[in-house]
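K.L.:
Protein chains in written order, with our numbering: chain F, 1 to 190; chain G, 1001 to 1190; chain D, 2001 to 2190; chain P, 3001 to 3190.
A virtual CB, placed ideally from N, CA and C, is assigned to each residue, including glycine.
All values derive from a computational prediction rather than experimental measurement.
4 protein chains.
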Amino acid sequence: MRIKDKSKEESVIAATIKLVNKIGFASSSVAKIAKEANVSPATIYIYYKNKEDLLTSTYIDIKKQLSNYMLTGFDSSKPIRDIFEHVWQNTFRFIANNKELFYFTEQFANSPYSDKIDKAEIDMYFEPLFNLLQKGIEQKIIKNVHYEILGAFIFYPVLILANNRLCKTIKLTDKTIKSSFTLAWDAIKL
Amino acid sequence: MRIKDKSKEESVIAATIKLVNKIGFASSSVAKIAKEANVSPATIYIYYKNKEDLLTSTYIDIKKQLSNYMLTGFDSSKPIRDIFEHVWQNTFRFIANNKELFYFTEQFANSPYSDKIDKAEIDMYFEPLFNLLQKGIEQKIIKNVHYEILGAFIFYPVLILANNRLCKTIKLTDKTIKSSFTLAWDAIKL
Amino acid sequence: MRIKDKSKEESVIAATIKLVNKIGFASSSVAKIAKEANVSPATIYIYYKNKEDLLTSTYIDIKKQLSNYMLTGFDSSKPIRDIFEHVWQNTFRFIANNKELFYFTEQFANSPYSDKIDKAEIDMYFEPLFNLLQKGIEQKIIKNVHYEILGAFIFYPVLILANNRLCKTIKLTDKTIKSSFTLAWDAIKL
Amino acid sequence: MRIKDKSKEESVIAATIKLVNKIGFASSSVAKIAKEANVSPATIYIYYKNKEDLLTSTYIDIKKQLSNYMLTGFDSSKPIRDIFEHVWQNTFRFIANNKELFYFTEQFANSPYSDKIDKAEIDMYFEPLFNLLQKGIEQKIIKNVHYEILGAFIFYPVLILANNRLCKTIKLTDKTIKSSFTLAWDAIKL
DNA sequence: GATGAATGAGTGTTCATTCAT
DNA sequence: CATGAATGAACACTCATTCAT
Chain F
1 MRIKDKSKEE SVIAATIKLV NKIGFASSSV AKIAKEANVS PATIYIYYKN
51 KEDLLTSTYI DIKKQLSNYM LTGFDSSKPI RDIFEHVWQN TFRFIANNKE
101 LFYFTEQFAN SPYSDKIDKA EIDMYFEPLF NLLQKGIEQK IIKNVHYEIL
151 GAFIFYPVLI LANNRLCKTI KLTDKTIKSS FTLAWDAIKL
Chain G
1001 MRIKDKSKEE SVIAATIKLV NKIGFASSSV AKIAKEANVS PATIYIYYKN
1051 KEDLLTSTYI DIKKQLSNYM LTGFDSSKPI RDIFEHVWQN TFRFIANNKE
1101 LFYFTEQFAN SPYSDKIDKA EIDMYFEPLF NLLQKGIEQK IIKNVHYEIL
1151 GAFIFYPVLI LANNRLCKTI KLTDKTIKSS FTLAWDAIKL
Chain D
2001 MRIKDKSKEE SVIAATIKLV NKIGFASSSV AKIAKEANVS PATIYIYYKN
2051 KEDLLTSTYI DIKKQLSNYM LTGFDSSKPI RDIFEHVWQN TFRFIANNKE
2101 LFYFTEQFAN SPYSDKIDKA EIDMYFEPLF NLLQKGIEQK IIKNVHYEIL
2151 GAFIFYPVLI LANNRLCKTI KLTDKTIKSS FTLAWDAIKL
Chain P
3001 MRIKDKSKEE SVIAATIKLV NKIGFASSSV AKIAKEANVS PATIYIYYKN
3051 KEDLLTSTYI DIKKQLSNYM LTGFDSSKPI RDIFEHVWQN TFRFIANNKE
3101 LFYFTEQFAN SPYSDKIDKA EIDMYFEPLF NLLQKGIEQK IIKNVHYEIL
3151 GAFIFYPVLI LANNRLCKTI KLTDKTIKSS FTLAWDAIKL
């Protein structure tokens, strides 16, 4: 028998991301993705149960990459502020270097498919960060409020700032990254 | 000459918002919107050039309402912090009382139609707030960074916290609203 | 507004029947029916909810015609045998003159769609015949067995004989019609 | 040379029949049949030229079984009526005990594949019965009409009565089998 | 102004079959 | 012999939009 062509699967994922970047999430049909990947529409259904499966798999895959990247060099022995700053910079750098991936996740997160994924599974990848928040609260370094509120200031502003669909007038330099982190830390620190 | 039936136009807008809330943005076709509004699909094309026009008009309409609500009781003679807190609370209250409108804008903002609107026109409605930031910077009350960065901490976290698609585990009470504003203010204040 | 083009609806029905005769039930797709009717596939969905609706409507329509034809000249004052012979001949004649309609019903009856129709509604059209069987039993003219058994001899053999897919070697003349009825009557008569 | 795996071939046939019973003829795709048989789709194409070949082979196989069963205990020395009654009962019993096989043939007979089989080959299996009819005619026991007409009364009503898709309200007991044969015999006897 | 009819182009998905191993 | 990968063509159905009234 023929063996599964790994490059084919990868080219489908790549085509999916590329096409979403080119024409947007809503317009990215299976047929167009197949064409972009130089593959038959039917082939996609060998690798994925259906369109939903293709998109959610792609999303989870990217989120996994993002969490890996964000947590690179994670050193729990350092001061909490330094750890968060490190993560903050990792995040900016990842988004800067992988705008296509990031754009896809933003599109996905506000699509109907978003409801279908297991948020808990995603959160798991970021668990060390939640734990760090908890530790910060206990050490009276971070404000004692719900972690969703903390997250809204320490994680999400990055996305806004990096998302050039929403924010077009600002160029991200090392200096702006550093200064924007100051705001984030001021927000959550006690 | 007959004049366009204002009530018909309104019922189309209402139907659009309602339907997007019911079945999501992607599934809301012109035919379904027409049915929801008890109107012929063709009628919609009397009031709007095409689907894009209908959706962007609806979006701008809502944004106008939101800015009105946010700026209600705007009193430039008060301390800057108090003004922002007032706006912050207005925003929370608007979203709480108009979840349907808010849900629509969230869906819209991440749709392909989002690219078609004139962001400057929208920003105009919120000009007093940008001016306030500027004033705060000049008075050395607010950090002197790009207003996009300030906005990412003083405006967007509200959306995250109020968006129960992203944030499901937290109930918004007067107390959480107040405490979340503390974070926002700490972020931007000098 | 444009009014519903009655001729369009009729041409869809005609195309459906014609196509089933030409290429068989299983191969008759909506797209092909549309093409045969010189109509867009989408148009069919104006007149019918879906493919099932199109086919079942066509079937019921034909069955109604058949019952009308079979019961033409139904005169309950005549002897029971004469009435059945009259019906038998009507049936043969209908099938002979409307082979296309008959072929469609045969195909339909053995398709998965057959399960979706309300058999009771169909039987209703043929009620006078069931009543006649009952009357014959009471008058000790017809064997007192279940009406399904009687039907298997007085109604179904016609279908077999007229169905030239199953029965290719025999030509139906007035004489064979008459003589075949003799068998049917001998079967059920007491 | 390896020989074809007989058990594999049988499991494909079994799967075909089972699946047709489960989901109907029209929905029974090659891929599904393969899965049901725990075999690759490609394997089916080793044993059969194509789908048509698979289905027609299955059909002919069943018909062969049916004819065997019907002619079991065929004793040409007995009176003609007794022989037919014996065959009639065999038929009922076969169908009762092999509803799956029978259901398949009914589905097949009204499918487009039906046109592809060699009816003469099938008829061959039932030749003794046609000969018997001939003998009956010569002996002036059976009406002298075309054998297709005779068949329509002595063979087909069984199928109608046993087919619980068409005939749902009647339970088949020894008594109803016997009495229904009376009708059949009355139909054809002189 | 207002409408339902009408449509070509598109949707996600499955089909019977062949290919490379 | 046996397989799962691969596919172009087809499937039923919906889309945004225009037409005729």
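For the alpha helix (DSSP H) holding Tyr2103 of chain D, just list the boundary residues, first then last.
P.N.:
Position 103 of the third sequence holds residue 2103 of chain D. Run containing Tyr2103 of chain D: Lys2099 to Ala2109, per the alpha helix (DSSP H) assignment.
K.L.:
Less than 7 angstroms between C-beta atoms, sequence neighbours within five positions excluded: which residues of the same chain meet that for Glu1009 of chain G?
P.N.:
Working through the second sequence from its first residue, we reach residue 1009 of chain G at position 9. Tyr1047, listed in sequence order.
K.L.:
Give the residues from the segment 1102 to 1127 of chain G that approach chain F closer than 8 angstroms (Cβ to any Cβ), ordered along the chain.
P.N.:
Within the segment 1102 to 1127 of chain G, the qualifying residues are Glu1106, Gln1107, Ala1109, Asn1110, Ser1111, Pro1112, Ser1114, Asp1115 and Lys1119.
K.L.:
Tell me the DSSP bridge mates of Lys189 of chain F?
P.N.:
Mapped onto the first sequence, residue 189 of chain F falls at position 189. F:Ile142, per the DSSP bridge assignment.
K.L.:
In the structure shown, what three-state DSSP assignment does Pro2041 of chain D receive?
P.N.:
Within the third sequence, numbered from 1, the residue matching residue 2041 of chain D stands at position 41. In the structure shown, Pro2041 of chain D sits in a helix (DSSP, three-state: H, G or I).
K.L.:
Which residues in chain G sit within 8 angstroms of Gly73 of chain F, going by Cβ to Cβ distance?
P.N.:
Locating residue 73 of chain F in the first sequence gives position 73, counting from the first residue. Under the 8 angstroms cutoff, chain G gives no residues; its nearest Cβ is about 25 angstroms from Gly73 of chain F.
K.L.:
How long is the line joining the alpha carbons of Leu3071 of chain P and Phe3094 of chain P, rounded to whole angstroms?
P.N.:
By 1-based counting over the fourth sequence, the position of residue 3071 of chain P is 71. By 1-based counting over the fourth sequence, the position of residue 3094 of chain P is 94. Rounded to whole angstroms, Leu3071 of chain P to Phe3094 of chain P spans 11 angstroms at the Cα level.
K.L.:
What does the alpha-carbon distance come out to for the pair Tyr1059 of chain G and Glu1106 of chain G?
P.N.:
Residue 1059 of chain G sits at position 59 when you count from the first residue of the second sequence. Residue 1106 of chain G sits at position 106 when you count from the first residue of the second sequence. About 10 angstroms.
K.L.:
Can you tell me which of D:Ala2015, D:Leu2133 and D:Glu2138 puts its alpha carbon nearest to the alpha carbon of Glu2148 of chain D?
P.N.:
What you label residue 2148 of chain D is simply residue 148 of the third sequence in a count that begins at 1. It is D:Leu2133.
K.L.:
Grab me the residues of Ile13 of chain F's own chain with a C-beta within less than 6 angstroms of its C-beta, minus the 5 sequence neighbours each way, in chain order.
P.N.:
Counted from its first residue, the first sequence places residue 13 of chain F at position 13. Excluding sequence neighbours, Ile13 of chain F sits near Thr58.
K.L.:
For Leu2055 of chain D, report the span of its alpha helix (DSSP H) as first-last.
P.N.:
The count along the third sequence starts at 1 and reaches residue 2055 of chain D at position 55. Here the alpha helix (DSSP H) through Leu2055 of chain D covers Lys2051 to Met2070.
K.L.:
If contact means a Cβ-Cβ distance below 8 angstroms, which residues of the segment 1006 to 1027 of chain G contact chain F?
P.N.:
Taking 8 angstroms as the Cβ-Cβ cut-off against chain F, the residues of the segment 1006 to 1027 of chain G that qualify are Gly1024, Phe1025, Ala1026 and Ser1027.
K.L.:
Could you tell me the boundaries of the alpha helix (DSSP H) in which Ser11 of chain F lies?
P.N.:
In the first sequence, counting from the first residue as 1, residue 11 of chain F sits at position 11. Lys6 to Ile23 is the span of the alpha helix (DSSP H), which, as asked, contains Ser11 of chain F.
K.L.:
Kindly list the residues whose CB is nearer than 7 angstroms to the CB of Gln1089 of chain G, restricted to its own chain and excluding five residues on each side of it in sequence; keep chain order.
P.N.:
Along the second sequence, read from residue 1 onward, the residue named residue 1089 of chain G stands at position 89. Excluding residues within five positions, the ones whose Cβ falls inside 7 angstroms are Ile1177.
K.L.:
With a cut-off of 8 angstroms on the beta carbons, I'd call Ile1160 of chain G and Ala96 of chain F a contact; round off their distance for me.
P.N.:
Translated into the one-based positions of the second sequence, residue 1160 of chain G becomes position 160. Translated into the one-based positions of the first sequence, residue 96 of chain F becomes position 96. That pair is no contact at about 22 angstroms.
K.L.:
Counting pairs of beta carbons, one from the segment 1033 to 1047 of chain G and one from the segment 1133 to 1143 of chain G, are three or more of them closer than 8 angstroms?
P.N.:
The segment 1033 to 1047 of chain G is not in contact with the segment 1133 to 1143 of chain G.
K.L.:
Among the candidates F:Val20, F:Asp115, F:Ser77 and F:Lys64, whose CA atom is the shortest distance from the CA of Asp123 of chain F?
P.N.:
Working through the first sequence from its first residue, we reach residue 123 of chain F at position 123. For Asp123 of chain F, the nearest C-alpha among the options comes from F:Lys64.
K.L.:
From the DSSP output, in three-state form, read off Pro112 of chain F for me.
P.N.:
Translated into the one-based positions of the first sequence, residue 112 of chain F becomes position 112. Helix, per DSSP.
K.L.:
Could you name the residues of chain P that Asp2053 of chain D contacts, counting a contact when the two beta carbons are closer than 8 angstroms?
P.N.:
Here residue 2053 of chain D is taken as the residue at index 53 of the third sequence, counted from 1. Near Asp2053 of chain D there are no residues of chain P at all, since even the closest Cβ is about 17 angstroms away, more than 8 angstroms.
K.L.:
Under 9 angstroms, CB to CB, which of the residues in the segment 134 to 146 of chain F have a partner in chain G?
P.N.:
Listed in sequence order: Lys143, Val145 and His146.
K.L.:
Under a three-way DSSP split, which group does Asp1118 of chain G fall into?
P.N.:
Within the second sequence, the letter at position 118 stands for residue 1118 of chain G. Coil at Asp1118 of chain G, not helix or strand.
K.L.:
Measuring alpha carbon to alpha carbon, tell me which of D:Val2020, D:Gly2073 and D:Pro2079 ends up nearest Thr2091 of chain D.
P.N.:
Locating residue 2091 of chain D in the third sequence gives position 91, where the first residue counts as 1. When only C-alpha atoms are compared, the closest one is D:Gly2073.
K.L.:
In terms of residue numbering, what span does the alpha helix (DSSP H) encompassing Pro1157 of chain G cover?
P.N.:
Indexing the second sequence from 1 puts residue 1157 of chain G at position 157. Counting along the chain, the alpha helix (DSSP H) containing Pro1157 of chain G begins and ends at Tyr1156 to Ala1162.
K.L.:
For the segment 174 to 187 of chain F, list every residue whose C-beta sits within 8 angstroms of some C-beta in chain G, in sequence order.
P.N.:
Flagged, chain order: Thr176, Ser179, Ser180, Thr182, Leu183, Ala184, Asp186 and Ala187.
K.L.:
So Ala2184 of chain D and Ala3187 of chain P are in contact, right, with Cβ under 8 angstroms, and what is the actual spacing, rounded?
P.N.:
Mapped onto the third sequence, residue 2184 of chain D falls at position 184. Mapped onto the fourth sequence, residue 3187 of chain P falls at position 187. Yes, Ala2184 of chain D and Ala3187 of chain P are in contact; Cβ-Cβ is about 7 angstroms, under 8 angstroms.
K.L.:
Would you say Ala1037 of chain G and Ser1007 of chain G are within 7 angstroms of each other, going by their C-beta atoms?
P.N.:
Taking the first residue of the second sequence as position 1, residue 1037 of chain G is located at position 37. Taking the first residue of the second sequence as position 1, residue 1007 of chain G is located at position 7. It is not a contact, given that the beta carbons lie outside the stated cut-off.
K.L.:
So, at 8 angstroms on beta carbons, what are the nonlocal neighbours of Leu55 of chain F in its own chain, with the 5 sequence-adjacent residues on each side left out?
P.N.:
Here residue 55 of chain F refers to the residue found at position 55 when the first sequence is read from its first residue. Same-chain partners within the cutoff: Thr16, Phe108, Ser111 and Tyr113.
K.L.:
Tell me which residues share the same chain as Ala2031 of chain D and place their Cβ nearer than 7 angstroms to its Cβ, disregarding the 5 neighbours each side in the sequence.
P.N.:
On the third sequence, residue 2031 of chain D is found 31 positions in, with the first residue counted as 1. Pro2041, listed in sequence order.
K.L.:
With distances taken Cα to Cα, identify the nearest neighbour of Asn98 of chain F among F:Leu190, F:Ile142 and F:Asn21.
P.N.:
Translated into the one-based positions of the first sequence, residue 98 of chain F becomes position 98. Ranking F:Leu190, F:Ile142 and F:Asn21 by Cα distance to Asn98 of chain F puts F:Asn21 first.
K.L.:
Which residues mark the beginning and the end of the alpha helix (DSSP H) in which Lys35 of chain F is found?
P.N.:
Along the first sequence, one-based indexing puts residue 35 of chain F at 35. Where Lys35 of chain F is concerned, the enclosing alpha helix (DSSP H) stretches over Val30 to Glu36.
K.L.:
Could you give the DSSP three-state label for Ser180 of chain F: helix, strand or coil?
P.N.:
The sequence position of residue 180 of chain F within the first sequence is 180, counting from 1. If DSSP states are grouped into helix, strand and coil, Ser180 of chain F belongs with the helices.
K.L.:
Please report how far the alpha carbon of Pro2128 of chain D lies from the alpha carbon of Lys51 of chain F, in whole angstroms.
P.N.:
The sequence position of residue 2128 of chain D within the third sequence is 128, counting from 1. The sequence position of residue 51 of chain F within the first sequence is 51, counting from 1. Distance between the alpha carbons of Pro2128 of chain D and Lys51 of chain F is about 54 angstroms.
K.L.:
Do Ser1067 of chain G and Tyr1125 of chain G have their C-beta atoms within less than 7 angstroms of each other?
P.N.:
Within the second sequence, numbered from 1, the residue matching residue 1067 of chain G stands at position 67. Within the second sequence, numbered from 1, the residue matching residue 1125 of chain G stands at position 125. Their beta carbons are under 7 angstroms apart, which means Ser1067 of chain G touches Tyr1125 of chain G by this criterion.
K.L.:
Determine the direct distance from the alpha carbon of Glu2138 of chain D to that of Asp3118 of chain P, and round the result to whole angstroms.
P.N.:
Walking along the fourth sequence from the start, residue 3118 of chain P turns up at place 118. Walking along the third sequence from the start, residue 2138 of chain D turns up at place 138. Those two C-alpha atoms are separated by around 46 angstroms.
K.L.:
Could you check whether the Cβ of Ala1031 of chain G sits closer than 7 angstroms to any Cβ belonging to chain F?
P.N.:
Within the second sequence, numbered from 1, the residue matching residue 1031 of chain G stands at position 31. Cβ-Cβ to chain F under 7 angstroms: no for Ala1031 of chain G.
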